[in-house]
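Quick note on numbering: the sequence shown equals residues -23 to -1, 1 to 133 in mature numbering (1 follows the signal peptide of the UniProt record, and there is no 0).
Every residue, glycine too, gets a C-beta built ideally from N, C-alpha and C.
Keep in mind the model is a prediction, meaning the values are calculated, not measured.
Shown next, in structure tokens, is the structure this report addresses.
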Amino acid sequence: MWPIWAALLSLLLLAFSAVSAKAQTVDNAKVAVVQRYFDAWNSGDIAALRATLAPSVEYFNTSNETVKAGVDAVTEVPVLLSGMMPDRKLTLLGAPVANGDQVAVQWSFKATHPSGVKGQGPVTFRGASFFRIEQGRIVWIGDYYNHATLERQLAR
């Protein structure tokens, strides 16, 4: 009787590990899309950034009053910042967390103060972003950070 139970238990464990491996592969693919987004954002490669976005992507940012929609709306900020702060960088503060179609990351932003503004000190702040991925592209981004921290640093 024991060999039958052992065989059934082994099959059950193999089935669960296969499901877990498949879920991990799906999550890894979604995390890879978000990593490509951050790599493109940091390098200023707007074409690569656009390639990570679905045409109907929606973007929420705590400093905006409304959700923006479309690839052009999402790429406005990186285009503007690459001219103002060419050395800007978003650094991930740990591994992204993926669940289903969503990926969450915590990050820090650092850049040199833009030319012509009162000082030339660094601009630094932390935030978190949440992404929803469908068919290998980002369909929703939510950026959360303390905008007052950014404003205070830009005003000095």
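Residue span of the beta strand (DSSP E) that contains residue i, given as start and end
i, result
"V82", "Q79 to T89"
"A28", "Where A28 is concerned, there is no enclosing beta strand (DSSP E), although the alpha helix (DSSP H) it sits in stretches over I23 to A28."
"S106", "P99 to E111"
"V116", "R114 to Y122"
"N76", "V74 to N76"
Closest by C-alpha distance to residue i, when choosing among the options
i, options, result
"F86", "A9, Y14, N19 and R13", "N19"
"V100", "S106, A88 and M62", "A88"
"L67", "D4, S106, N76 and M61", "S106"
"T29", "A6, R65 and Y122", "A6"
"D49", "T39, R27, S40 and M62", "R27"
"F102", "D22, R65, D4 and G21", "R65"
"R109", "A125, W84, P73 and N41", "P73"
"Y122", "F37, S59, L58 and K45", "F37"
"T43", "R129, A125 and D120", "D120"
"residue 138", "S40, Q12 and M62", "Outside the shown range of the chain, which is -23 to 133, sits residue 138, and nothing can be said about it."
"H90", "E111, P63 and Q12", "P63"
"G98", "A75, D4 and R129", "R129"
"L58", "A46, N76, D22 and L70", "D22"
Nearest-angstrom Cβ-Cβ length linking residue i and residue j, presumed shorter than 8 Å
i, j, result
"A25", "A17", "4 Å"
Where the alpha helix (DSSP H) containing residue i begins and where it ends
i, result
"V51", "V48 to M61"
Three-state class that DSSP yields for residue i in the structure shown
i, result
"V34", "strand"
"V8", "helix"
"T68", "strand"
Any non-hydrogen atom of the ligand FAD within 7 Å of residue i CB
i, result
"G47", "Ligands are entirely absent from the displayed structure, and the ligand FAD is therefore not among its contents."
C-beta neighbour in chain B for residue i, strict 8 Å
i, result
"T29", "The chain inventory of the structure shown lacks chain B, comprising one protein chain alone."
Could you check whether the region 24 to 36 touches the region 113 to 125, counting it as contact only if at least three pairs of C-beta atoms, one from each stretch, sit closer than 8 Å?
yes
Per the contact definition of three or more C-beta pairs closer than 8 Å, is the region 68 to 80 in contact with the region 43 to 57?
no
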